[in-house]
Amino acid sequence: MMTSSFSGWGSGLLGVLIFSGSLPATRVAVGGLDPFFLTSARAVLAGLLALCLLALFNEKQPSRSDLKSLVIVALGVVIGFPLLTALALQHITAAHSIVFIGLLPLATASFGVLRGGERPAAMFWVFSVLGSAAVVCFALSQSAEASLVGDLFMVAAILLCGLGYAEGAQLSRRLGGWQVISWALVLSLPLMVALAVSTWPVTLSGLSLPVWLSLGYVSVFSMLVGFVFWYRGLALGGTAGVGQLQLLQPFFGLILAAALLAEPIAPSMIAITIFVVICVAGAKRFS
């Protein structure tokens, strides 16, 4: 049990590291691509890769009883979160969006309780709320720009993402982590192909290299590779507990944003990061 939990937290951390590049990459990509086309294109590319993986390993199709859960996963993490964050990042900065990523662990834990029947101890919620509050306060202090429209898009994105994470974690215990996201991507493929065709840009020749690289990152890593580690981590270590690792995602994201967008890293980031690590450790202790 101890080995399984440790492996779950390690896999979850790798997933968080990969996901940390999603918002900065999306911010770059929407500078040259329509949010609807970006959402559909990344899903189509990832879906085709997933289809190849499923065929290569000759995976059996999920049972009829699993289809409802796969639809929830697809709506949450294949369609909902990518589209809503892309729309939000047309109105707010990547730094401001971190405010909402700090709330994702609470959303994931809450849906883990509602959908998965997990019952973490009361102290887990104390550490979870403290960590989320610290991330939100820090992110607010770093962002001078705000938009009600962008904020509402991000709130909806966080709710759908938390639901998709929790549902996928439960399904991963039966199907496996990479199989869950692969089947969800394949299930979404017809709709995403239709959306990609209907929103296809007049021309793609004028896109800059950073836009192409960002599209590649969110397609391969954010939509597929990251979930292989993330769902495995949630399944092995518990949705509520491992989900607290998402508290570290904003700080990893800020580091990437600083590297890509030349944004300075505030000294207070170090202190807040230490506090958040303590909260994550506390949440793990009582999950």
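Residue numbers (our numbering): 650 to 936. Note that CB positions come from ideal geometry on N, CA and C, so glycine has one too.
Name the two residues that bound the continuous alpha helix (DSSP H) containing residue i.
i, result
"Met841", "Gly826 to Ser847"
"Pro859", "Leu858 to Tyr866"
"Pro711", "First-last for Pro711: undefined, no H or E at that position."
"Leu687", "Pro684 to Leu705"
"Arg881", "Gly875 to Gly886"
"Arg676", "Ser671 to Ala678"
"Pro731", "Phe730 to Ala737"
Does the distance from the C-beta atom of residue i to that of residue j stay below 9 Å?
i, j, result
"Glu816", "Arg764", "yes"
"Phe870", "Gly670", "yes"
"Tyr872", "Leu753", "With the sequence shown as reference, residue 872 is identified as Met, and Tyr is not the correct amino acid for it. No, the pair does not count as a contact, with Cβ atoms beyond the cut-off."
"Thr675", "Ser831", "no"
"Gly725", "Cys810", "yes"
"Thr688", "Ala735", "yes"
"Leu894", "Val867", "no"
"Val925", "Gly780", "yes"
"Ala756", "Phe802", "no"
Taking only the alpha-carbon atoms, compute the straight-line gap between residue i and residue j and give it to the nearest angstrom.
i, j, result
"Ser821", "Leu682", "33 Å"
"Trp774", "Gly751", "14 Å"
"Pro859", "Pro673", "11 Å"
"Gly799", "Val785", "16 Å"
"Ser656", "Ala884", "10 Å"
"Leu812", "Ile927", "26 Å"
"Leu666", "Ala783", "20 Å"
"Leu808", "Ile721", "12 Å"
"Met651", "Gly931", "Any answer about Met651 is weak, because its pLDDT of 49 lies below 50 and its placement is not dependable; what the coordinates show is given next. Each residue's Cα considered, the two are about 16 Å apart."
"Ser857", "His740", "21 Å"
"Trp658", "Val804", "26 Å"
"Val842", "Trp861", "19 Å"
"Ala889", "Leu844", "34 Å"
"Ala692", "Arg768", "33 Å"
"Ala690", "Gly729", "14 Å"
"Phe706", "Leu824", "13 Å"
"Gly661", "Phe776", "18 Å"
"Ala906", "Ile921", "17 Å"
"Asp715", "Phe900", "35 Å"
"Ser712", "Ser796", "43 Å"
"Ile747", "Leu853", "30 Å"
"Ala758", "Gln819", "12 Å"
"Ser790", "Ile904", "16 Å"
Would you call residue i buried or exposed, if buried means 16 or more other Cβ atoms sit within 10 Å of its Cβ?
i, result
"Ile923", "exposed"
"Phe668", "buried"
"Ala908", "exposed"
"Val851", "exposed"
"Val846", "exposed"
"Cys701", "exposed"
"Pro839", "exposed"
"Ala770", "exposed"
"Gly855", "exposed"
"Gln710", "exposed"
"Ser837", "buried"
"Ser718", "buried"
Among the residues of its own chain, which have a CB less than 6 Å from the CB of residue i, if the five just before and after it don't count?
i, result
"Phe685", "Thr848"
"Met772", "Phe935"
"Leu663", "Phe878"
"Phe760", "Gly811, Leu812 and Ala815"
"Phe749", "Met803 and Ile807"
Leaving out the 5 sequence neighbours to the left and right, which residues in its chain are closer than 8 Å to residue i when beta-carbon positions are compared?
i, result
"Val874", "Ile667"
"Leu703", "Gln828, Ser831, Trp832 and Val835"
"Phe876", "Gly664, Val726, Gly817, Gly826, Trp827, Val829 and Ile830"
Considering only residues of the same chain and omitting the five flanking positions on each side of residue i, which have a CB-CB separation below 7 Å?
i, result
"Gln828", "Glu708"
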